[in-house]
Every structure is written in C-alpha cells, then in structure tokens.
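K.L.:
The numbers in the sequence shown follow the numbering used here, run straight up by one, and end at 624.
Beta carbons: idealized from backbone N, C-alpha and C, even for Gly.
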Amino acid sequence: MLLRRASLVRLWLLGLTFLVGVMNAATGFPQGESRCDFTDGICESWTSSECSTVCGCFKAVQARNTTDGPIRDHTKGTEDGWYGAAVFASGTWISQKPAVFHRTTQGPFCFTGWYHVSGLQSAVLIFAATALTRRGASYLPEETVFLKAEFSQTRLWQKVVYEEDRSANVTIFISSSSALNSVVGLDDLSIVPGKCPPANQDGSCTFNYNDQCGYTSSSSKGSWYLKKRYSFPQTGMVADDHTTGTSDGGYIYHRVEANKTTSAVLTSPTLAKPAKPTRCLRFFYYAVKGSSGLEVSVESQRDVSGLSNNFRNLRNVSKPVWNRYRTSLVPNRWYPAEASFSVGEKHWLNFRCFLDTPIKDPFFCAVDDVEVSDCSVEGQQFGCDFDNGSMCGWGSSSDPGLIRWTVSDLAGGRPLALRKDRTTGSPLGGFVYAENKALEVAKARLSSPALDSSWNGVACLSFWHYTVVNGITTSVTLTVTSASGDVFWSSNGELKKSWSHQVILLQLQDLKDGPPQRVFLDASLNTSLIAVDDLVLSFGHCPSYQNGLSCDFERGPCTWTSTLRTRNLATWRIQSGSVRTSLAHPHVDHTHNSTMGSYMFLSALARAYGQRAELVS
Numbered sequence: 008m009l010l011r012r013a014s015l016v017r018l019w020l021l022g023l024t025f026l027v028g029v030m031n032a033a034t035g036f037p038q039g040e041s042r043c044d045f046t047d048g049i050c051e052s053w054t055s056s057e058c059s060t061v062c063g064c065f066k067a068v069q070a071r072n073t074t075d076g077p078i079r080d081h082t083k084g085t086e087d088g089w090y091g092a093a094v095f096a097s098g099t100w101i102s103q104k105p106a107v108f109h110r111t112t113q114g115p116f117c118f119t120g121w122y123h124v125s126g127l128q129s130a131v132l133i134f135a136a137t138a139l140t141r142r143g144a145s146y147l148p149e150e151t152v153f154l155k156a157e158f159s160q161t162r163l164w165q166k167v168v169y170e171e172d173r174s175a176n177v178t179i180f181i182s183s184s185s186a187l188n189s190v191v192g193l194d195d196l197s198i199v200p201g202k203c204p205p206a207n208q209d210g211s212c213t214f215n216y217n218d219q220c221g222y223t224s225s226s227s228k229g230s231w232y233l234k235k236r237y238s239f240p241q242t243g244m245v246a247d248d249h250t251t252g253t254s255d256g257g258y259i260y261h262r263v264e265a266n267k268t269t270s271a272v273l274t275s276p277t278l279a280k281p282a283k284p285t286r287c288l289r290f291f292y293y294a295v296k297g298s299s300g301l302e303v304s305v306e307s308q309r310d311v312s313g314l315s316n317n318f319r320n321l322r323n324v325s326k327p328v329w330n331r332y333r334t335s336l337v338p339n340r341w342y343p344a345e346a347s348f349s350v351g352e353k354h355w356l357n358f359r360c361f362l363d364t365p366i367k368d369p370f371f372c373a374v375d376d377v378e379v380s381d382c383s384v385e386g387q388q389f390g391c392d393f394d395n396g397s398m399c400g401w402g403s404s405s406d407p408g409l410i411r412w413t414v415s416d417l418a419g420g421r422p423l424a425l426r427k428d429r430t431t432g433s434p435l436g437g438f439v440y441a442e443n444k445a446l447e448v449a450k451a452r453l454s455s456p457a458l459d460s461s462w463n464g465v466a467c468l469s470f471w472h473y474t475v476v477n478g479i480t481t482s483v484t485l486t487v488t489s490a491s492g493d494v495f496w497s498s499n500g501e502l503k504k505s506w507s508h509q510v511i512l513l514q515l516q517d518l519k520d521g522p523p524q525r526v527f528l529d530a531s532l533n534t535s536l537i538a539v540d541d542l543v544l545s546f547g548h549c550p551s552y553q554n555g556l557s558c559d560f561e562r563g564p565c566t567w568t569s570t571l572r573t574r575n576l577a578t579w580r581i582q583s584g585s586v587r588t589s590l591a592h593p594h595v596d597h598t599h600n601s602t603m604g605s606y607m608f609l610s611a612l613a614r615a616y617g618q619r620a621e622l623v624s
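If you want it as structure tokens, here you go:
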C-alpha cells in the first residue's frame, strides 16, 4: 500500500511538472554538471512536496542543529555542513504521504547522489526516473525505479548512480516514507549530460548498475554471468544481492543445471603494480550445498630466466589466496570472506567455483561486494611483543610522580604475579607491566614512538591486557589518550584476570590541536598489576573480525539474521555512523569505542505489545 501511494504521488507530480519540462526543453537545459548540496537551502532546480499534517517534505538542515539523523553532512563531512532531510509532522499517528523531492531535466544524463538512512525503524526510500512517452494520440508515463529498498541496516552516507538513456524530458523522483524516529538525508545530488563514466577497474566492485568492473569469464567449462537489476532469477539462484539486500542490486554468478559437474573461473581486470606489496581482499559469497568449492588465487607474469629484457622468459605464476571446500563453505546465505596476499608486479585475481559430484538440483555460486585494497600500513613498525626484552620504540614516561612500565623478566622472577606471556603462552616470552603495591592510586604512562604529519586520519590500536588485583579496594583503569588530553578509549572497570583483547579505532584527524605526535596508554592503579602484550599501533582502519559465528557487525550482520517477520514483531537492525537521536542508545560501539563503529540493536514499535524478536545464526 505504501509503495502504491508513493507511485500515485509521483504520477500526480509528473502531471504538474510536465508543462515545466516542455518549457525548459524549449529554452534549453543548462549544459554541464548541475549540483545540489543544500548549502543555500533547497536548490532552485529541485522541488519538494508541500509540508503538511498529512504529507512529508524535504528541508535543508544544518547538521549541528538537528536532533535526529547524521551529525555530519556528506559535502564537507562536518557539523557545519548542510543536507536535505525528509521531514514529517510530529505528534500524529495518521498515515502520512511520502516526502517527495523531484526535478525535471533533459535526457540522456548521469545522475549521482548520496543518501543516509538512520533511526529506530527503516524508511522506504525510492529513487525513480519517469518520462511521458507518446503512444498514439496520448502521452503515457514510463517509469524506471532505480533504487527501492527497505533498509535493515543503517549505515554511513551511501552513493547511488543512475544512467538515463532516454532522449526526453525526464523527472527524477526521490521519495521517503515516514518511519518511527527515523531520518532520511540527501546530499550532493548531481546531474551531468551524457553517459556515466565507467566504474574503476581496480578490482573492487559491487556489480550494480549493470557494470561488472572489468571482470571477465573465459573458462571453457563454464562462465560467470552478471545478475542484472530486476532480472528474474533462475531456479536455485538467490533473489537479493548483498550490497542492497534487494532484487534491485546485482551480483556475479555461475550456475549449471542439475546432475552436472562444473568448474568456472572469474578473472579480474589486470591490476597495477601496487605501491606496497601487501594487498587485502574482502568479498561476500553465496553457495549451495554439495561437493563444491570456491577458491581465489592471484596470478602474475614473472621472469623465470633471470636474463635481460631481450631474453626474458615470462611465465604466469599463480599463488593461492583463499579457499573453502565442501563442508567449510557456509551454504545458502551471503557470507563474508577476507584474506591478504603479497604481490610486487601487475597481477589479476582468479575466482574459481566448482562442483565435483553432480547433485539433483541446479548448482549455483555467486560473489558480491569485492574489495581490493592496500593493507600495508604506516605503523606496522610500531608493534611489539616484548619477547626479546625490547620495548620496540615504546617508552615509559619518566615524569616525577609516575610509576614505570617495565619489560618482564620471567626467568628472573619478575613479576611474581604473572608467569606467562600472551604471545607464546609460556615463561619464555615477555610483556610490559606496571605494578603498584601501595594503597594510593598511582599513574603509569606508556608512550608510542613519534608520529609524523602523515598520521592525519584514522589509526588502529590493538593490544592484550591482563590485570592482577590484591584487595577489594583496588582500582585499575586503562586509558588511551593523545598529548593534548583527547581520550580515545577508557576501560571503565572492564579489566579481567585473563589475557583480553582490545581493538580501538583512533580518530586522529578531528583533534583540536591537529594530529598527535604520540599516542599514550595510561594506567591508574593501586595494590595491583596490569600487563600489556602484543601491542600494535597502525595507520588505517581496524580489521573486521568475522570468523565462524563471531561478528563485530562492522561490515554487516555476518551469518546472523532476524528470522521472525510479522507485523507485531520487533526487528534486529544494524546501527553505524555518526547519528543523533532522542532515543536512548549507545553513543559508541564496543569494537572500536567509536561513533564510526557498528552494533546490532532491537527495533520495536513503542505502542505495540506482545512483540518478540529472534537473532539466529
């Protein structure tokens, strides 16, 4: 019913804007890019539905002045930036018409935009392009919906791209339904005459917009195919892609009929020689049960002769990167895969999907959301396992009044309270520790090596900690700070008498005094000991830990799904990104202790009773 109401609103507005479109066609549309970033309010070229008690509308809002929604715009990425927000009358429970934002322009053109969805429930967001086409003596509307989804995940600003090939006056419609405590934001809407530029052929691909990013299949035994938007899936295929979670999205797949064996290779475009040899690969796969497998290898051309250029003997050299076979493949759901590999020249990736033993049903495997990136980080040298008696450039502050961090000497009996390190799990290894036997709380500061100006972004601090307390009045706290006092993370009494892992995302670019020269690990303690081992400070985002049934929800729900879907049931959703809301909620996630991290939360209508929810792996 909701989608039907939205469609009727679009058709009604199309009738109003058709005459405007004809007039614009007579005078000519502006050549070049037309962009709307809401800095000066609702852009003149765009029109919003009228705000009322029965209909929503779009308004330009400044991020810092909102009570709900993203706290940063997309254009500037700051609180001072502006974006367009879908607004609905508050204090009413009557059904409201969607908020609609539209513009008429001359095709063909390339439309791009950014959207943000956040809140307790998911609004239905629709992007559509409609044109009046002459059929006989009358004009009839012809509509293309290029994004339509009820999002189960609220994320960061996301991009939408649409290429319009009709040579006609086309109206772009963006409509958002009303949902409880939810906000839909728009920013940086752009229309450029002509075709959209092709996707980058850097190995990363979402396989949306009918673009397979240079991936090809030339296997003699079987081929991979692009599942296009709105195409009807064949028997055994999954209907929804991973990127959008709907049938609107695309993925790349291999399929054979029942009672057959198969082997098909999907090859990436040739990737340039990387600036650093270590590369990271992430993707999602979908497979069915059977004696099947999926494997990834990296292939490159190497000189195996050792001679000069005139006599070089180039051969293709292949190395395995990742594989899953038979029972280790998680079937019948989109499942994450991560791996790293080293390569020092031009190269390409091969995805091979195969079935050794025929099965009675059609066989199907698919890949989506491939990410190839540089995972060599500036701060790899800032790691330390303390096993050789060295602190690897980390240092204990010598300021008066502070106790010292000391490298353990387990063979010599120091310290007595902890006899095994974390790295080796034996007395042969080492760790760094601070100990205070007095009742008065004292502080110990462990400082990182000096950071240069290139550390202006995000960094990741990973370490293991162990606490030994000697009395009920003991107080132990760990804090990660910058030199200017910015607190990145605090333990808040969560320390344990066991080796416990902590991963912290450090936002270095937003500090009031600029990027820090050092990062500090501060301990406040009395009548206790605290030890740290396997300490690594690296530049760049923290890795995502999604293994087996474990999930940090940074890249989606992993294998966890909300299985109960009826009107009176609550829903599990993923919250991520910087958002404001008047509802009680965690301000940071657990994984990174940051507003940029993700977590799963339970969404339910406040006035509905007897609701249930299940989260099942």
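Determine, using beta-carbon pairs with one atom in the segment 445-460 and one in the segment 415-427, whether at least three such pairs fall under 8 angstroms.
P.N.:
Contact fails: fewer than three Cβ-Cβ distances are below 8 angstroms.
K.L.:
As a quick exercise: from S211, H249, V263 and K353, pick the residue whose alpha carbon is nearest that of W231.
P.N.:
Nearest of S211, H249, V263 and K353 to W231, Cα basis: V263.
K.L.:
In whole angstroms, what separates the C-alpha of V107 from that of W164?
P.N.:
Near 19 angstroms, if we compare the C-alpha coordinates of W164 and V107.
K.L.:
Return the residue from the list V272, A271, T112 and L288 that minimises the CA-CA distance to L278.
P.N.:
Cα-wise, what sits closest to L278 is L288.
K.L.:
Use the C-beta contact count for Q241: other C-beta atoms within 10 angstroms, 16 or more gives buried, fewer gives exposed.
P.N.:
Exposed, by the Cβ-count rule.
K.L.:
On the three-state DSSP scale, how would you describe T60?
P.N.:
T60: coil per DSSP, three-state reduction.
K.L.:
Leaving aside the five residues before and after P276 along the sequence, list all residues of the same chain whose C-beta is less than 6 angstroms from its C-beta, in chain order.
P.N.:
Cβ neighbours of P276 beyond the five flanking positions: Q208 and G221.
K.L.:
Name the two residues that bound the continuous beta strand (DSSP E) containing F470.
P.N.:
V465 to V476 is the extent of the beta strand (DSSP E) around F470.
K.L.:
Counting Cβ pairs closer than 8 angstroms, one from the segment 75-95 and one from the segment 179-195, do we hit at least three?
P.N.:
These segments touch.
K.L.:
For A373, tell me which candidate among S347, N395 and Y342 has the shortest Cα-Cα distance.
P.N.:
Selected option, being the one with the closest Cα: Y342.
K.L.:
Mind listing, in chain order, the continuous beta strand (DSSP E) runs of no fewer than 3 residues lying wholly within the segment 358-441?
P.N.:
Runs found: 370-381.
K.L.:
Note down the Cα distance separating Y606 from N499, rounded to an integer number of angstroms.
P.N.:
Rounded to whole angstroms, Y606 to N499 spans 19 angstroms at the Cα level.
K.L.:
Mapping DSSP to helix, strand and coil, what is A620?
P.N.:
Coil at A620, not helix or strand.
K.L.:
Taking Q509 as the reference, give the member of V494, T364 and L485 with the closest Cα.
P.N.:
The residue with the shortest Cα to Cα distance from Q509 is L485.
K.L.:
Taking only the alpha-carbon atoms, compute the straight-line gap between A96 and C64 and give it to the nearest angstrom.
P.N.:
Using only the alpha carbons, I get a separation of about 9 angstroms.
K.L.:
Could you give the DSSP three-state label for W334: helix, strand or coil?
P.N.:
One detail in the question is off: residue 334 reads as Thr in this sequence, not Trp. Correct three-state label for T334: helix.
K.L.:
Tell me which same chain residues have a C-beta within less than 6 angstroms of the C-beta of E702, skipping the five on either side of it?
P.N.:
An answer regarding residue 702 cannot be provided, because it is not within the stretch 8 to 624 covered by the chain.
K.L.:
Would you kindly check if the distance between the Cβ of L544 and the Cβ of F371 is under 8 angstroms?
P.N.:
Cβ atoms of F371 and L544: not closer than 8 angstroms.
K.L.:
Taking the alpha-carbon of K427 as reference, which of W471, G492 and L532 has the nearest alpha-carbon?
P.N.:
Nearest of W471, G492 and L532 to K427, Cα basis: W471.
K.L.:
Could you compute how far the alpha carbon of F318 sits from the alpha carbon of S307?
P.N.:
Summary for F318: the model assigns pLDDT 48, below 50, so the residue's position carries little reliability, and this model does not support an answer.
K.L.:
Check each candidate in D44, A620, E561 and A93 and name the one with the smallest Cα separation from V595.
P.N.:
Measuring from the Cα of V595, the nearest candidate turns out to be E561.
K.L.:
Determine the extent of the beta strand (DSSP E) in which N176 is found, giving its start and end residues.
P.N.:
From DSSP, the beta strand (DSSP E) with N176 extends over N176 to S183.
K.L.:
What three-state label does DSSP hand N217 in the structure shown?
P.N.:
Here N217 sits in coil by DSSP.
K.L.:
I think G91 touches F45, with their Cβ atoms under 8 angstroms apart; what is that distance to the nearest whole Å?
P.N.:
With 8 angstroms as the limit, G91 and F45 qualify as a contact, their Cβ atoms being about 5 angstroms apart.
K.L.:
Report yes or no: do the segment 246-254 and the segment 348-357 share at least 3 C-beta pairs separated by less than 8 angstroms?
P.N.:
No, the segment 246-254 does not touch the segment 348-357.
K.L.:
CB I133 to CB S56, shorter than 8 angstroms?
P.N.:
Cβ distance not < 8 angstroms, so I133 and S56 don't count as in contact.
K.L.:
With 16 as the cutoff for other CB atoms within 10 Å, does G656 come out buried or exposed?
P.N.:
Residue 656 lies beyond the range of the chain shown here (8 to 624); nothing can be said about it.
K.L.:
Out of Q69, S531, S238 and G464, which has the shortest C-alpha to C-alpha gap to L512?
P.N.:
With distances taken between Cα atoms, L512 lies closest to G464.
K.L.:
Alpha carbon to alpha carbon, how far is P37 from G400?
P.N.:
Residue confidence for P37 is low, a pLDDT of 45 falling below 50, so the modelled location carries little weight; the figure read from the coordinates is stated next. So the alpha carbons of these two residues sit roughly 59 angstroms apart.
K.L.:
Checking the sheet assignment: what are the DSSP bridge partners for L278?
P.N.:
According to DSSP, L278 bridges with H354.
K.L.:
Please go through the same chain and pick out, in chain order, the residues whose beta-carbon is closer than 6 angstroms to the beta-carbon of Q68, but skip the five residues on each side of it.
P.N.:
With the sequence shown as reference, residue 68 is identified as Val, and Gln is not the correct amino acid for it. These residues qualify, in order along the chain: A92.
K.L.:
Is DSSP giving A206 helix, strand or coil here?
P.N.:
Coil.
K.L.:
Once the 5 residues before and after P365 are set aside, which same chain residues still bring their CB inside 7 angstroms of it?
P.N.:
These residues qualify, in order along the chain: N266, K267 and T268.
K.L.:
For R71, which of helix, strand or coil comes out of DSSP?
P.N.:
Here R71 sits in helix by DSSP.
K.L.:
So the beta strand (DSSP E) A449 belongs to, where does it begin and stop?
P.N.:
Unbroken beta strand (DSSP E) run through A449: A449 to S454.
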